[in-house]
Amino acid sequence: VRQHVEPALWLILNKEINHLPPDLIRNAIGEAVRHQVRQLSPKWLIYHYPMQALMALMLLIVVIAGSLYYRSYMRRRHVEAIQQMAYTDQRYMLPNMLWLEQELPNLFSRAGRAAPGKKFYCVVFAMESKSSVAEMYGRDLLDRQFRDMSANLENKTWVLKTAAGIDAGHLVAICVAIDDEEIIELAVGAVQQFGYVATSDARISLHLRAGICSLYEGDFLQQIVERADIACQEGDGTTGAVRFFDTSLQEKLALQQKIEGYMEKALAADEFQAWYQPKYDIETRRIIGAEALVRWQSAELGFLSPGKFIPIFEKNGFVIPVDFVLVEKTFALQKRRLEEGKEVVPISVNQSRLHITEEGYLEKMQAIVDKYQIPKGLVELEITETVFGDFDQKEHREHAANIMHSLHEMGFPLLVDDFGSGFSSFSMLDYLPMDVMKIDRSLLVASDDSDRMKDILGNIIRLGKTLHMSVICEGIETEEQERLLLKLGCRYGQGFLNAKPMPGKEFVEFMEKRNAEVDAKR
Numbered sequence: 454v455r456q457h458v459e460p461a462l463w464l465i466l467n468k469e470i471n472h473l474p475p476d477l478i479r480n481a482i483g484e485a486v487r488h489q490v491r492q493l494s495p496k497w498l499i500y501h502y503p504m505q506a507l508m509a510l511m512l513l514i515v516v517i518a519g520s521l522y523y524r525s526y527m528r529r530r531h532v533e534a535i536q537q538m539a540y541t542d543q544r545y546m547l548p549n550m551l552w553l554e555q556e557l558p559n560l561f562s563r564a565g566r567a568a569p570g571k572k573f574y575c576v577v578f579a580m581e582s583k584s585s586v587a588e589m590y591g592r593d594l595l596d597r598q599f600r601d602m603s604a605n606l607e608n609k610t611w612v613l614k615t616a617a618g619i620d621a622g623h624l625v626a627i628c629v630a631i632d633d634e635e636i637i638e639l640a641v642g643a644v645q646q647f648g649y650v651a652t653s654d655a656r657i658s659l660h661l662r663a664g665i666c667s668l669y670e671g672d673f674l675q676q677i678v679e680r681a682d683i684a685c686q687e688g689d690g691t692t693g694a695v696r697f698f699d700t701s702l703q704e705k706l707a708l709q710q711k712i713e714g715y716m717e718k719a720l721a722a723d724e725f726q727a728w729y730q731p732k733y734d735i736e737t738r739r740i741i742g743a744e745a746l747v748r749w750q751s752a753e754l755g756f757l758s759p760g761k762f763i764p765i766f767e768k769n770g771f772v773i774p775v776d777f778v779l780v781e782k783t784f785a786l787q788k789r790r791l792e793e794g795k796e797v798v799p800i801s802v803n804q805s806r807l808h809i810t811e812e813g814y815l816e817k818m819q820a821i822v823d824k825y826q827i828p829k830g831l832v833e834l835e836i837t838e839t840v841f842g843d844f845d846q847k848e849h850r851e852h853a854a855n856i857m858h859s860l861h862e863m864g865f866p867l868l869v870d871d872f873g874s875g876f877s878s879f880s881m882l883d884y885l886p887m888d889v890m891k892i893d894r895s896l897l898v899a900s901d902d903s904d905r906m907k908d909i910l911g912n913i914i915r916l917g918k919t920l921h922m923s924v925i926c927e928g929i930e931t932e933e934q935e936r937l938l939l940k941l942g943c944r945y946g947q948g949f950l951n952a953k954p955m956p957g958k959e960f961v962e963f964m965e966k967r968n969a970e971v972d973a974k975r
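This is the structure we're talking about:
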């Protein structure tokens, strides 16, 4: 408007405004601004600036849409990450059992259309030497072989899908074949193909084994995998590296489940009994000791020999309380014999390898010693070589040596059991305070037909004596074996030829009668 007004008029207006009070000017300006703002409504802006308003609206829509998409994207990423963790084995980065269980119906559907008439199977492959290989060559080598085996198996037409099993080194494969014979043949071929790792300087055997179980639509996969795993464990150098889950294994599985179901009740009901197999002087026939052996008189399962339940207890750890039952019963027997003024001979009790890592083991053994207060040496402990499977490792060796020395100081003589059956015997003699060498029966049996083994057996007997150890040979079944041992310098033995294991009452009666007869002949 200013260009249409006379300049003189603007000068007059400026002069008049300058004479106005400041408050009046501020109020007038504020009112003008408020009036202008009231006029700047959305409707007014759209009317006067339609293009700018449209662009602002589109920008707002883009921002809102982008925000919603980002939230959706991040949620999807989080869900995928959770699913990846839930359905993937984090060590091998392979699908796990949870994924395989959910995918199984689709596998049945697709394979049923592609290969009609074929049977379904679950095959569990297990690398038995995984620990030793990992120690020598590193875990990465073994893990890489595991992943390669999975990838190569899935390229085979008879393998539908593979997944990492629950245990390390176990691969589960869902397979198809015409019949049982074909799947066994295919599994044997896979074991031969993937049962070793080739390095630049060695061919490392993994002792790969496989267990097979039939699989039908609607089966509970976890149960089928467990059956295949049991079959896998049963495979060995005798039955072969591949085993099919059959009726005999089904019965074994059923018994195992019953044993584990009743074991706690059996312990509380004092169903585990101590039987004793006499040790004797081969020359005089006098009873010079005994070995305590566990038997289970179950109210539900009847009488059970240790071969049926001890391997199960070794796996689930229940052998630990059972061992303590045997130790305490042996102490009680010795205490009772002493109070009655009867003859007492040393009795040995086997100790599981699990005690080496058991928390509070030494304290529990000391409590038993303090409770019965019998002379030292009347209860011995038999330690097998399997206790020291990692004896070449300094940390394990020092820990085991500490345990053994502490037991020795408590008054327990120590026997190295099954001497000659493994690889750590000589290391045990070097590091541990062993008092008695108990030669494994396999050396005695091998000496029946081999002069070379006779020489080895004789040298072992002389070694024990050189180290000031008592030497006893177990598993004597013939008089010829007795004569051989006497000739080689071993005077003490244990075996069915002399006496089988027997309950405590029968043992003391047998010992008293035998020793009375021997003494009467003198």
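So the sequence shown is numbered by our numbering: it starts at 454 and just counts up by one. Every residue, glycine too, gets a C-beta built ideally from N, C-alpha and C.
Ranking 809, 865, 862, 670 by CA distance to the CA of residue 850 puts 809 first. Cβ contact annotation for residue 941 (same chain, cutoff 8 angstroms, sequence separation greater than five): 907, 910, 911, 914, in chain order. For the pair residue 643 and residue 606, the CB atoms are nearer than the 8 angstroms cut-off.
In the structure shown, residue 908 falls within a helical segment according to DSSP collapsed to helix, strand and coil.
By the Cβ rule, the stretch 892 to 907 does not count as touching the stretch 853 to 869, because fewer than three pairs are nearer than 8 angstroms. The beta-carbon distance between residue 729 and residue 745, rounded to whole angstroms, is 6 angstroms. This is short enough to meet the 8 angstroms contact definition.
For residue 615, no alpha helix (DSSP H) run applies; the uninterrupted beta strand (DSSP E) run containing it begins and ends at 612 to 617, by DSSP. Under the three-state reduction of DSSP output, residue 783 falls in the helix class. Our two residues, residue 704 and residue 719, have alpha carbons roughly 21 angstroms apart in a direct line. Taking the Cα positions, residue 806 is about 26 angstroms away from residue 798. Taken atom to atom, the span from the alpha-carbon of residue 696 to that of residue 883 is near 40 angstroms. In the displayed model, residue 813 falls within coil according to three-state DSSP, outside both helix and strand. DSSP lists 732 as the beta-bridge partner residues of residue 742. Excluding five sequence positions before and after residue 554, the CB atoms of its chain that fall closer than 6 angstroms to its own CB belong to 674, given in chain order. Going by DSSP, residue 868 is part of the beta strand (DSSP E) stretching over 867 to 872. The C-alpha of residue 773 is placed about 30 angstroms away from the C-alpha of residue 677.
As far as DSSP is concerned, residue 776 takes part in no beta bridge. Boundaries for residue 946: no alpha helix (DSSP H) harbours it, while the beta strand (DSSP E) harbouring it runs 945 to 947, taken from the DSSP string.
Remark: C-beta atoms of residue 626 and residue 610 do not approach each other more closely than 8 angstroms.
Put simply, the stretch 784 to 797 does not touch the stretch 748 to 761. Fewer than three CB pairs are less than 8 angstroms apart.
Remark: C-beta atoms of residue 964 and residue 740 approach each other more closely than 8 angstroms.
Taking each of 803, 934, 768 in turn and checking the Cα distance to residue 778, the smallest one comes out for 803.
Non-local C-beta neighbours of residue 685 in its own chain, meaning closer than 7 angstroms and more than five positions away in sequence, comprise 577, 579, 662, 663, 664, 696, ordered along the chain. Residue 543 sits in coil when the DSSP states are folded into three classes, being neither helix nor strand.
Pairing residue 547 with residue 539 gives a Cβ-Cβ distance that is not under 8 angstroms. Looking at the DSSP output, residue 889 bridges to 868, 923.
Of the other Cβ atoms in all chains shown, fewer than 16 fall within 10 Å of the Cβ of residue 969; this residue is therefore exposed. For residue 699, the closest alpha carbon among the candidates 973, 710, 714, 682 is that of 682.
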